[in-house]
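Last residue of the sequence shown: 1069 (my numbering), numbering continuous.
Structure first, then comments.
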Amino acid sequence: VNGDLPTPNAGTQQTSSVVCDIDKDGINDFAITERTKAPSVVWYRRSSNGWTKYVVDDEALHIEAGADSCDIDADGDLDIVFGGDSRDNRLWWWENPYPKFNPRTPWKRHEIKNFGANKHHDQIFGDFDGDGQTELVFWNQGACKLYIAEIPKNPKKAKAWQCTEIYSWSKDSQMEQRGTYPGFKGINEHEGLAKADIDGDGKLDIVGGGRWFKHNSRTSYTPNIIDAGYAFSRSAAGQLIKGGRPEVILVVGDGQA
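Following this line, the structure appears as structure tokens:
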């Protein structure tokens, strides 16, 4: 510790982070979560003199790894999303108060999901069905499912979003896994999310769990296996080699490759 950054949350389990331009100054900021003590979410604002810490949520929340940002309420600034861990069945978004920032004033928290099973490791926003509107895709590991949710017309008043299952898996067995994993990994557990137009049809595809998911119609998606031994993985996708289709990178999640 060299003092470059103010100490984040009080606990020792900073599980998640998200990088985005929160204050619209053209410079990326970042938010950090902690799941054992309050405040559960803080963000760091960049200035010419360094970084200033602001509280996003002053309550204690069991937040899992994974996050994303999006202008959910269409007011011109980026809002942030985090999900509950193995002790919580909720997924939340926090309403960016731009331009009224106060280091000690929390943001308003809204619920996206408040039903079913716990644990939501990874979320991603994108227009995956080509309708010109942004959707949220997230894993729900406790349910062994991948969900997609349209942003409600009035997200500030919605008590929860309509979440639709687009994929599920069995935890009875799994392919031979690549790498070594910690004991808390479930059998055939899936995680990791990225996005890219894998098949060149002009629509973003979902990448995660060692697979890519092609949109068919409405909320129907077809899973295509990339490497089933990398279901529990970090995922990235993009034009890494010039020309042709995008490339996908998978690496062991919470373990050793």
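A virtual CB, placed ideally from N, CA and C, is assigned to each residue, including glycine.
Original post:
Along the chain, where does the beta strand (DSSP E) that runs through Gln-935 open and close?
Top reply: In the DSSP assignment, Gln-935 falls within the beta strand (DSSP E) that extends over 935 to 938.
**OP:** Return the chain-ordered list of same chain residues with a C-beta closer than 6 angstroms to the C-beta of Asn-926, the five sequence neighbours on each side being excluded.
**Re:** Counting only Cβ-Cβ distances below 6 angstroms, and skipping sequence neighbours, we find Arg-902 and Ala-972.
Original post:
Would you call the CB atoms of Ile-936 and Trp-905 closer than 8 angstroms?
Top reply: Not in contact: Ile-936 and Trp-905 (Cβ atoms no closer than 8 angstroms).
Original post:
How would you write the range of the beta strand (DSSP E) that His-1027 sits in, first residue to last?
Top reply: 1023 to 1029 is the span of the beta strand (DSSP E), which, as asked, contains His-1027.
Subject >> One or two residues paired with Gly-1020 in a DSSP bridge >> reply: The secondary-structure analysis by DSSP pairs Gly-1020 across a beta bridge with Arg-1023.
Original post:
Based on Cα-Cα distance, which residue from Ala-886, Leu-1016 and Ser-898 lies nearest to Val-949?
Top reply: Nearest in C-alpha terms to Val-949, of all of Ala-886, Leu-1016 and Ser-898, is Leu-1016.
Original post:
Which residues share a DSSP beta bridge with Trp-855?
Top reply: Looking at the DSSP assignment, Trp-855 forms a beta bridge with Ala-843 and Tyr-866.
**OP:** On a CA-only basis, which of Glu-988, Lys-865 and Val-893 is nearest Asn-908? Give me that one, please.
**Re:** Ranking the options by Cα distance to Asn-908, first place goes to Val-893.
**OP:** Can you give me the start and stop residues for the beta strand (DSSP E) that Tyr-1033 sits inside?
**Re:** Per DSSP, Tyr-1033 belongs to the beta strand (DSSP E) from 1032 to 1037.
Subject >> Nearest residue (CA-CA) to Ile-875, options His-932, Cys-832 and Asp-841 >> reply: Residue His-932 is the option with its Cα nearest to Ile-875.
**OP:** Find out if the Cβ-Cβ distance for the pair Gly-878, Gly-991 is shorter than 8 angstroms.
**Re:** No, the pair does not count as a contact, with Cβ atoms beyond the cut-off.
Original post:
Taking the DSSP output, what are the residues bridged to Tyr-959?
Top reply: Here Tyr-959 is bridged, per DSSP, to Phe-950 and Glu-977.
**OP:** Measure the alpha-carbon distance for Thr-848 versus Ser-829 and round it to whole angstroms.
**Re:** If I take the Cα positions, the gap works out to 15 angstroms.
Subject >> Assigned secondary structure, Gly-895 (DSSP; H/G/I helix, E/B strand, else coil) >> reply: Gly-895 falls in the strand class under three-state DSSP.
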